[in-house]
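Here's the structure we're looking at; comments come further down.
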Amino acid sequence: VQLQAFGGGLVQPGGSLRLSCAASRSIFSRHIMGWYRQAPGKQRELVATITISSITNYADSVKGRFTISRDNAKNSVNLQMNSLNPEDTAVYYCNARSFVAVYWGQGTQVTVSS
Numbered sequence: 001v002q003l004q005a006f007g008g009g010l011v012q013p014g015g016s017l018r019l020s021c022a023a024s025r026s027i028f029s030r031h032i033m034g035w036y037r038q039a040p041g042k043q044r045e046l047v048a049t050i051t052i053s054s055i056t057n058y059a060d061s062v063k064g065r066f067t068i069s070r071d072n073a074k075n076s077v078n079l080q081m082n083s084l085n086p087e088d089t090a091v092y093y094c095n096a097r098s099f100v101a102v103y104w105g106q107g108t109q110v111t112v113s114s
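Oh and the sequence shown: position 65 is 65 in the numbering used here, straight run, nothing missing.
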């Protein structure tokens, strides 16, 4: 398994969740890491990315609420999600990409509901 995601679950509106994605060292050190999500009936969309030098990019819908970070000691990328709302409900996918390769992790379900 190249990428393995953890941390999904059920949370109430306004709550928080933290997703983590463990990668192999060779992937983590050479790829832009990111999170995407896909809600039922919708296309997969970008949530956030982080470069090897930790430059971040966020979808407008999550700016100010989500934070992506890299843990170089653990070869992992984390997504801290705060102030969650029902529109954040989706399957979240970890992603690693470079000019020559793209990797996807298995999805993890995030459900925001009261």
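Beta carbons are placed, not taken as given, at the ideal position from N, Cα and C, and that holds for glycine. Quantities reported herein were computed from a predicted structural model and do not represent experimental measurements.
Burial state of residue i, where buried means 16 or more other Cβ atoms lie within 10 Å
| i | result |
| --- | --- |
| S114 | exposed |
| A101 | exposed |
| A73 | exposed |
| T51 | exposed |
| I68 | buried |
| D88 | buried |
| L84 | buried |
| L17 | buried |
| F66 | buried |
| R25 | exposed |
Residues bridged to residue i (per DSSP)
| i | result |
| --- | --- |
| T111 | L10 |
| G34 | T49 and N95 |
| T67 | Q80 |
| Q4 | A22 |
| V102 | R97 |
Assigned secondary structure, residue i (DSSP; H/G/I helix, E/B strand, else coil)
| i | result |
| --- | --- |
| D60 | coil |
| I27 | helix |
* Asked: Taking contact to mean at least 3 C-beta pairs separated by less than 8 Å, is the segment 18-28 in contact with the segment 66-84?
  -> yes
* Should the segment 24-34 be called in touch with the segment 92-99, which here means at least 3 C-beta pairs below 8 Å? -> yes
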